Structures are given as structure tokens and as C-alpha cells.
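Counting in this note's numbering, the sequence shown runs from 336 upward without gaps.
The C-beta atom is built at its ideal place from N, Cα and C for all residues, glycine as well.
Just so it is clear, the structure is predicted and the values come from calculations on it, not from any experiment.
Read the structure below first, then the notes.
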Amino acid sequence: MSETSRIHSLVERFGGSAARIVVPSGDDAAVVIPGGAVAVTSVDSVVENVDFTLADWPLEAVGHKAVAIALSDLAAMGVTPGEIYIAAGVPKSLSEEDFAALADGIEAAATAHGVVVAGGDLSAAGELWLSVTVVGYAASEDAIVRRSGAKPGDVVAVTGDFGRAAQLLGGIPPNGDAFADDPALAKQFAPKPRLAAGAALATNGATAMIDVSDGLARDAGHVAMASGARLEISLESIPLAGTVSDARFAAASGEEYELLATLPQERWESARKAVAETGTTLTAIGRVTEGSGAALLDAEGARVDIRGFDHFD
336 MSETSRIHSL VERFGGSAAR IVVPSGDDAA VVIPGGAVAV TSVDSVVENV
386 DFTLADWPLE AVGHKAVAIA LSDLAAMGVT PGEIYIAAGV PKSLSEEDFA
436 ALADGIEAAA TAHGVVVAGG DLSAAGELWL SVTVVGYAAS EDAIVRRSGA
486 KPGDVVAVTG DFGRAAQLLG GIPPNGDAFA DDPALAKQFA PKPRLAAGAA
536 LATNGATAMI DVSDGLARDA GHVAMASGAR LEISLESIPL AGTVSDARFA
586 AASGEEYELL ATLPQERWES ARKAVAETGT TLTAIGRVTE GSGAALLDAE
636 GARVDIRGFD HFD
């Protein structure tokens, strides 16, 4: 299947327009009338033999995950998703059927979250990789939640539960067998960006927010650093997934794609109810204090050293 044929197949699949798109995929560049006063843009990528292996991963799951994890960054800003742009490096050995499966996964994730594939780029590569640029919209700059707003006295809270992703380390079944029926596999192969929960938190007073992709312990540290404050987290309060029983294990688990947020105490209850209406939970796990860094504390209040994921460790 030639480059022209592959591009044509993608334009046919994704070339449909939305009201805000003046020139869709298929031209030299997309033209968009912004859906809000402020555009919010992020880029994420997945790379073969770093983030997935073709022996273990269905191609649909690769495409789905590439889109979903990029959208998770928009969820952490509390904004409405709009368009996505996908650059891909594709091995020449990838069959037409496999290429279609990859596109199926991209399309499924885009459709599920109401975004439009507005363009991208395609290149031959030694290994498969996808780089996804996502654009979201907010009514104003003040409507966006950053990492840097946590204040002493705020509640530290998280959506969902933790530990499922780490359960799979070294144990992914070949080609993701029955992953749709297994919550741990679904968490890895088809993560769900918390877009509705992020919007609910933004409108209910969240002062800071981040998506948990590198582990709760590490990402809490990112919020603490950006905010110039200290996040104290009770290990006993972290909501554990399924059969996970070790909170230290859960706090180090990367690729959870849940949200960690800080909220004024007086907004906590309204935020909890608003997030519940989106179909997930919001659990208080700690507080923001004066100081610096993130401290994970055991039942006796002693600090526990937990590291998350770093691509270059």
C-alpha cells in the first residue's frame, strides 16, 4: 500500500468536517474557527518497543491509546476537546489490514470523545510511532486549570482508583487477549481520559490539576513544584483498584490517567457531587500545606519514599 493510498484512505475516513472546521483533512493545512476564546494545545506520543510491542498489542489499541492519553492532558486543564492532528511513522512491513486496524482505533477514540481528526502527517519508519496533537477550547484564560494554583488549606483529591496499570507490568497477555473484559487490561489498552470529570472540577473550584501518567507520587510532586507548596498525601486514603492491596504500589503506578486536583475545602462537597455525576468517584487523599514537594505519609505519619515513572531513568 503506497503512501498516497494510505493518505487517501485516511482522508476518506477523517475528512468529514465539523461546524468549526473550514478546511478539513486533505489540504496542506486545516483551517478552524476556534470553538472558544482560548485554544489549549498539547502533544503526546506512543513509540513501539517503548510504550507497546506489536507482539502484545492489538493495532486498534495502539491507535486508541495514542488519542486517549493525549486527550487526558486536556482533561487536566478542564477544557473542552476540539481537534486532533496525528503524525505517524509506519513501517513498510505494516499490512493494509493492520494499517486499517490502527486507523480503527484512532477513529473509535476520537468518536468516543467527540473530537475531529483534522489532519496530520505520514512517514515511513523503522518502528511504529504515533504523535498526537490535541486542541481544546476554553471560554477564557481564567477557566483553565493549571498545575500552579494549589494553596495551603486546599484538599488534595483524585478521581477513580489506582494500581490497575502497574498490575500488568511484565504480564500483558499476547495481543491483549480479552482486554475489553478485564479492567486491568482495559486500563492499559483503552484508557479513558477524564474529560467530563476535569470539566466538572474546573467549574467547581479546582485550584490545580494534573493527569496521573507518571505515577501519583511523581505527579503530585509536579503540582507541588509548580505551585510552590507542599502536598501531603495519606497512603491509607488512596483508592485502590480491584485486587490491589498495597498503597505504595498504587502510588507508583504510572499510566493511570486519573486526575489529581486540589480544591478549597468549602468547594470539596460540590466538586465531589459534580464528579460523581460524570460516572466516576472523587476521593480526598490529603491536603496542601506551606512548604515544598510531595510527601506520602503512612498510618503513623512517617514519610515514605516512592518514585514514579521517568522515561530516562
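Identity of the residues DSSP links to residue i by a beta bridge
{"i": "tyrosine 592", "result": "For tyrosine 592, which the question treats as bridged, DSSP gives no partner whatsoever."}
{"i": "glutamate 567", "result": "Arg622 and Ala630"}
{"i": "leucine 465", "result": "Val381 and Ala423"}
{"i": "glycine 471", "result": "Val375 and Pro416"}
{"i": "threonine 597", "result": "Val491 and Ala543"}
{"i": "serine 483", "result": "In DSSP, serine 483 forms no bridge with anything."}
{"i": "phenylalanine 387", "result": "Glu383"}
{"i": "glycine 454", "result": "Tyr420"}
{"i": "leucine 575", "result": "Phe497"}
{"i": "alanine 582", "result": "BP columns for alanine 582 are empty, so no partner."}
{"i": "alanine 459", "result": "Val425"}
Three-state secondary structure assigned by DSSP to residue i
{"i": "isoleucine 419", "result": "strand"}
{"i": "threonine 538", "result": "helix"}
{"i": "threonine 446", "result": "helix"}
{"i": "aspartate 546", "result": "strand"}
{"i": "serine 562", "result": "helix"}
{"i": "glycine 556", "result": "helix"}
{"i": "arginine 607", "result": "helix"}
{"i": "aspartate 640", "result": "coil"}
{"i": "aspartate 496", "result": "coil"}
{"i": "aspartate 408", "result": "helix"}
{"i": "aspartate 439", "result": "helix"}
{"i": "leucine 617", "result": "strand"}
Short Cβ contact (8 Å threshold) for residue i with residue j
{"i": "valine 639", "j": "leucine 595", "result": "no"}
{"i": "glutamate 459", "j": "glutamate 395", "result": "The sequence given here has alanine at residue 459, not glutamate. No, these two residues do not count as a Cβ contact at 8 Å."}
{"i": "methionine 544", "j": "valine 480", "result": "yes"}
{"i": "valine 493", "j": "glutamate 635", "result": "no"}
{"i": "alanine 465", "j": "valine 367", "result": "This sequence places leucine at residue 465; alanine is not what is there. No, they are not a contact pair."}
{"i": "aspartate 695", "j": "glycine 589", "result": "Because the chain in this structure spans residues 336 to 648, residue 695 falls outside the shown range and cannot be described."}
{"i": "valine 547", "j": "glutamate 591", "result": "yes"}
Supposed close pair residue i, residue j - CB separation, criterion 8 Å
{"i": "arginine 565", "j": "threonine 616", "result": "Not a contact, Cβ separation roughly 25 Å."}
{"i": "threonine 613", "j": "alanine 535", "result": "6 Å"}
{"i": "glycine 498", "j": "valine 579", "result": "3 Å"}
{"i": "aspartate 496", "j": "alanine 576", "result": "4 Å"}
{"i": "aspartate 489", "j": "threonine 542", "result": "6 Å"}
Identity of the residue in the options nearest residue i by Cα
{"i": "tyrosine 472", "options": "Arg607, Val373, Ser627 and Tyr420", "result": "Val373"}
{"i": "arginine 602", "options": "Ala403, Ala532, Gly540 and Glu476", "result": "Gly540"}
{"i": "glycine 424", "options": "Asn384, Glu462 and Gly556", "result": "Glu462"}
{"i": "alanine 401", "options": "Ala410, Asp379 and Ala552", "result": "Asp379"}
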